[in-house]
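Single-structure report; data block below.
In our numbering, the protein residues as written are 74 to 430.
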């Protein structure tokens, strides 16, 4: 089998209401698609960053797409394309498409090809964003709606308002959802380490399941100081790149839960290495980002903790952008598609009005 073409497409649409986390506001959403075609009629789809993909096209055409390890190291040459950033994200999108081809060629769903540890995985609903006019009652109602769907875990944002206000928001959510639903907190790197310690002590009594991205991604020492000051487990890694970055993060002995993101860190090839390295330290993987690929990865590995799941409130086109929807089961789990490959392909009937390129 040979690669015959590599194409990129980008789509973007406005949100009905902009949402904000601890540091950023998002008025739009979108989807980047990398399509890899082969001479045997098998087409692979990768989702994520499309910038810089064109620079790899020449080296990929004519190659066997099943040689994902060889192709990864052909593309990732830090002296030329950088150790992190958009070039590695482009490699991630390409690599995801290559694995889609490999699983389709094998006639297997991706999660079974990669290991098949579980047929369904626990999920948490990622919400609790700040939004104009959204008060504590609206936040409680949002979380209660998720629980009514069967969610056994929910996540909310902190870091954009004063400590007391955020602590009151956390208290209100805990009171609304009760003691048995897991509650994750996500600051999106909004704090310095001493600030993170302050807010952690204020909300510990509400038993957060984890405190995600409390400080900047490279502030390893800050994470260490925080982990020593609070009983709340620290989760981070969504902005970490490659097995080397996760090696350095893991060696801090401060973070028990890794939010590895295959769309960022270098694709599925690199994600599986990070997962294996984490297994040696008895650390769990709870991927950040789109559930389309990550549902397979959490199901594939023995240390897959939980899947991040985005509801319609986050993005009304989140499921409609693909040819199939990933739905939450009544027991709060999610089941990966059983079709060969990733099982998600672009739904152009929905996407076409939002085409950027």
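A virtual CB, placed ideally from N, CA and C, is assigned to each residue, including glycine. Everything numeric in this text was worked out from a predicted model, so none of it was measured.
If you draw a straight line from the Cα of residue 398 to the Cα of residue 392, it comes to about 5 Å. With fewer than 16 other beta carbons inside 10 angstroms of its own, residue 128 counts as exposed. The way I'd put it, the segment 265–280 does touch the segment 235–255; three or more beta-carbon pairs between them come closer than 8 Å. Around residue 124, the same chain offers 159, 163 as residues with beta carbons nearer than 7 Å, after the five sequence neighbours per side are excluded. By the Cβ rule, the segment 98–116 does not count as touching the segment 302–312, because fewer than three pairs are nearer than 8 Å.
At a cut-off of 4 residues, the continuous stretches assigned as alpha helix (DSSP H) that sit fully inside the segment 275–346 are 293–302, 315–323, 335–338.
Nearest to residue 333 by alpha-carbon distance, out of 404, 363, 358, 428, is 358. DSSP links residue 203 through a beta bridge to 93. Taking C-beta atoms as the reference points, residue 365 and residue 417 count as a pair closer than 7 Å. When only Cα atoms are considered, residue 89 and residue 298 end up about 40 Å apart.
In the three-state reduction of the DSSP assignment, residue 426 falls in the helix class. Close CB contacts of residue 181 within its chain, under the 8 Å cut and outside five residues either way in sequence, are with 413 (chain order).
CA-CA distance, residue 374 to residue 351, rounds to 11 Å. In this chain, the beta strand (DSSP E) harbouring residue 102 covers 98–111.
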